[in-house]
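If you want it as C-alpha cells, here you go:
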C-alpha cells in the first residue's frame, strides 16, 4: 500500500525544481524583453534628437558660409568629430547648394543624391554573393533641412542597422547575463531544495526502518519545526496505537488464561472417571472429550504465543544461547518421543549466541520442534542442527521422518497459512504460521525442503547476522 | 504417601483428589491460603500441589511464605501461565516443578512420583523406580530385591537420573553431579560411567538423547 502511494505521489523535490525553473525562466524572459524594449526606446530617442540638432548646426554653418575653399573640409572634420562623440559611424551627409551636390560622404550618383527627400527612408543595399540584398530594419533614415532663400539643402542619412544591432547587442547581453544568473540561481535553489527535502527523506527512512513491534517514540533528529510537529503527531499516534494494541493483547492473553482453568476442570473430571466401570461406548465418548480438550488447549497455547510474540518489545533483547534453548526444549519433547520408541538428536557446537528476545526465540524454536514432533512418523525420528559458523548468520534446522514436502510445496503451504490466517480447525497449522509471522516481522529466513537424511520435512530458520530478534 | 492440594476450583480439586486416592495416596485438599499454611506447618506431606491461579493471595507469595517457614516439601505448581518469564518466576520462588493447565492426569501422577522420589532422596529414604530400590543412606541398590554393587560415583549418577526420571539431564548437569564444581572432568568419562550403569541394570534403562544428555523414562 505504501509503495503504491509513494509511486503515485509527487515528490516535493520535483515540485520545487519545476516551479523554480518555471519562475526563473519566466523572470528571465520578461527581464530580457523589457530591457530590449526600453533600450530601443531610449536609444532611438537619444539618437534622433542629436541627429536633428546636428543637421541644424550644419545648416547654420552652410547658410552663414564662408565661401572659401577650405570651409567644406573644416566642416567635414568638425562634423566627423561630433558624430564620433555620439557614437554613430554609419551615416552620410549630403549638402546640396544651388541644386548641385556640394558635398557628399556617400558614394551614390548625383541624380539620386539630388532626388533625396528631406524626410523618409532609403534602402540600404548590401552586396553579398554577387547579389544586392535589401535587408529590413537596416535602411537609411533621412533627416534633412532646407533653406530656400539660400538654396541650401542638408540631408543626413542615419543607418538604422546601427540602432538595430545596438539594441540587439544590449538584448543579447541581458539575455546572456540572465542565463548565467539563472543558472547560478538554479544551482543555489537545488541546494536549498536539497536542504529542505533531505530531512524529510531521512525522516521517512527512519520511520520505514522501524520494526513492527517497536512502539517506542520516534526520534527524527531534526530541528525543523514542521518536521518536529509531524514527529509529535506520529508519536502521539504510536502511543495511542500502542495502548490499543496492548489492551487487545492483554485481553486475548487474559481470555486465554481464563479459558485454561475450566478446560483443565473438564479434562480432570473426564480423566477421573473410572474407565473400568463404564461401557465401551462411554469410554469412546470420554476419549473424544479428552481429544477436544487437547485441541482447545493447543489452540489456546498458540493464541497466547501469538499474542506474546506480537507484544514482544524490540528493545527487550539479551544475549541468548540457541543451543541452551534447543536443549531445554528438546528435553521437554523427549518423553513423548521416547514413548514412540523413537529418538531425537541435537547436532550443535558448544554454544551459538545471538542477541534477541528470549520469548520470541523460545516461541520460534518451540513451534519448529512441536511441528516436527507432531508430523514425525512412527517411531519418531528428529534431528535438530544448529550452525553458528555460517557467514549468513546462525541457523537452526529441524528434520523429521514424517511425510514431508518439497520446497515448493512448503512455500505454497506457507502462503496458504497466510491466507487462511487462524482458521485452522485443530490448531495443527498454527504452529508454523506463528513461526512464519515472527519470521516476516523480524526479517528472518524460513526455508522448507525434503530431509535427505530422514525423508520427512526439513525446516531451516536462519537468523539475520546484523540484526537482533 | 500424603499429598496436600491447594486448589480453589472445585471441579479440578475434586478430580485430582479422586484420582490420587485411586492411586493409593492420602489426599488433603484445602481451598484457602491460611488452611494451607497451617496444614503444611503441622503435618508432613510428601508433595504439595499448588494452584497459582488463585484469587486473593498470590500463590507465589504463599510458596515463599512456606519456604520461609522452613518447609522443604517438594512443591508442584499448577498454573494457566506458561511464558518463559512465568516459568522462571515459579522456579525462582523455589517451586520444584511446574505443570501448565490443562494437564493430563497421568502426567500429574508422574510428576508427583518424581517429586516423591526427590523428597525421599533428600531425606535419605528409599527411592523406588520400577523394580529398583535405591537406599541413599547405605549406597545400596536393589534390583528385584537383589543387591547390586556400585561405586559412589556410579551410585550418585544413577540416583540423579532416577530422581529426575522423565527429564533429560544434560551432560553438564551430570558432570556437576559427578564432580561438583571442581571441573576435573574428562571428556569421555561420563560415557564410560553410563555404559557401566547399562551393563549392571540393562541397556534399556538409560536412554541417550544425542547432543543433549541422558534420560530415564518417567516410569510408572
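Protein chains in written order, with the working numbering: chain A, 29 to 497; chain B, 658 to 877.
From the three backbone atoms N, C-alpha and C, an ideal C-beta is built for every residue, glycine too.
The structure displayed is predicted, hence computed values, not measured ones.
Check whether chain B comes within 8 Å of residue i, counting only Cβ atoms and requiring the distance to be less than that.
i	result
residue 325 (chain A)	yes
residue 30 (chain A)	Bear in mind that the predicted position of residue 30 (chain A) carries a pLDDT of just 47, short of 50, making it unreliable; the figure below should be weighed with that in mind. Cβ-Cβ to chain B under 8 Å: no for residue 30 (chain A).
residue 277 (chain A)	no
residue 376 (chain A)	yes
residue 245 (chain A)	no
residue 409 (chain A)	no
residue 291 (chain A)	yes
residue 228 (chain A)	no
residue 416 (chain A)	no
residue 369 (chain A)	no
residue 248 (chain A)	no
residue 331 (chain A)	no
residue 311 (chain A)	no
residue 383 (chain A)	no
residue 297 (chain A)	yes
residue 359 (chain A)	yes
Counting only the same chain and skipping the five closest in sequence on each side, list residues whose C-beta sits under 7 Å from that of residue i.
i	result
residue 800 (chain B)	788, 789, 858
residue 369 (chain A)	407
residue 684 (chain B)	660, 662, 674, 677, 678
residue 667 (chain B)	none
residue 432 (chain A)	478, 479, 483, 484, 485
residue 411 (chain A)	373, 375, 427, 481, 482
Between residue i and chain A, is any beta-carbon pair separated by less than 8 Å?
i	result
residue 676 (chain B)	yes
residue 741 (chain B)	yes
residue 710 (chain B)	yes
residue 825 (chain B)	yes
residue 869 (chain B)	yes
residue 758 (chain B)	yes
residue 662 (chain B)	no
residue 832 (chain B)	no
residue 851 (chain B)	no
residue 672 (chain B)	yes
residue 666 (chain B)	yes
residue 799 (chain B)	no
What does DSSP give as the partner residues of residue i in its beta bridges?
i	result
residue 476 (chain A)	A:487
residue 413 (chain A)	A:375, A:425
residue 85 (chain A)	Per DSSP, none; premise fails for residue 85 (chain A).
residue 722 (chain B)	Its beta-bridge partners do not exist; DSSP assigns none.
residue 461 (chain A)	In the DSSP output, where bridge partners are listed per residue, residue 461 (chain A) has none listed.
residue 500 (chain A)	As displayed, chain A neither begins before 29 nor continues past 497, which places residue 500 (chain A) out of reach and without an answer.
residue 132 (chain A)	A:122
residue 865 (chain B)	B:871
residue 68 (chain A)	Note: residue 68 (chain A) sits in no beta bridge, so no partner.
residue 170 (chain A)	A:148, A:185
residue 682 (chain B)	Answer is none; residue 682 (chain B) lacks a bridge partner.
residue 175 (chain A)	A:180
residue 805 (chain B)	B:798
So, under 8 Å CB-CB, residue i and residue j are touching, yes? Tell me the CB distance rounded to an integer number of Å.
i	j	result
residue 482 (chain A)	residue 409 (chain A)	6 Å
residue 145 (chain A)	residue 170 (chain A)	6 Å
residue 195 (chain A)	residue 68 (chain A)	5 Å
residue 72 (chain A)	residue 191 (chain A)	6 Å
residue 297 (chain A)	residue 672 (chain B)	5 Å
Which same chain residues, not among the five before or five after residue i, have their C-beta less than 8 Å away from its C-beta?
i	result
residue 357 (chain A)	390, 393, 394, 397
residue 2 (chain A)	Nothing can be reported for residue 2 (chain A), as the shown portion of chain A is limited to 29 through 497.
residue 731 (chain B)	703, 704, 705, 753, 754, 772, 773, 775, 776
residue 816 (chain B)	778, 784, 791, 793
residue 115 (chain A)	Its pLDDT being 48, under 50, residue 115 (chain A) is placed unreliably by the model, and nothing is read from it.
residue 348 (chain A)	381, 382, 383, 384, 386, 389
residue 419 (chain A)	493
residue 855 (chain B)	862, 863
residue 199 (chain A)	60, 63, 64, 67
residue 502 (chain A)	The requested residue 502 (chain A) does not occur in the structure, where chain A is confined to residues 29 to 497.
Measure from the C-beta of residue i to each C-beta in chain C and report whether the shortest distance is under 8 Å.
i	result
residue 866 (chain B)	Absent from the structure: chain C. Protein chains present are A and B.
For residue i, which residues in the same chain have their Cβ closer than 6 Å to its Cβ, ignoring the five residues on either side in sequence?
i	result
residue 172 (chain A)	146, 183
residue 737 (chain B)	710, 758
residue 734 (chain B)	707, 709, 747, 752, 755
residue 331 (chain A)	284
residue 337 (chain A)	388, 391, 466
residue 379 (chain A)	349, 351
Entirely enclosed beta strand (DSSP E) segments - the region 727-790 of chain B, minimum 3 residues: Here the runs fully enclosed are 732-736, 754-757, 784-786.
Uninterrupted beta strand (DSSP E) stretches inside the region 221-268 of chain A (no shorter than 3 residues): At a cut-off of 3 residues, not a single continuous stretch assigned as beta strand (DSSP E) sits fully inside the region 221-268 of chain A.
Secondary structure, beta strand (DSSP E): runs of 3+ residues fully inside the region 691-717 of chain B: Every beta strand (DSSP E) stretch that sits fully inside the region 691-717 of chain B and reaches 3 residues is listed by chain position as 704-708.
Complete runs of the alpha helix (DSSP H) confined to the region 276-347 of chain A [at least 4 residues]: Listed in chain order, the complete alpha helix (DSSP H) runs (minimum 4 residues) inside the region 276-347 of chain A are 308-339.
Length at least 4, wholly inside the region 376-409 of chain A: the alpha helix (DSSP H) runs in chain order: 386-403
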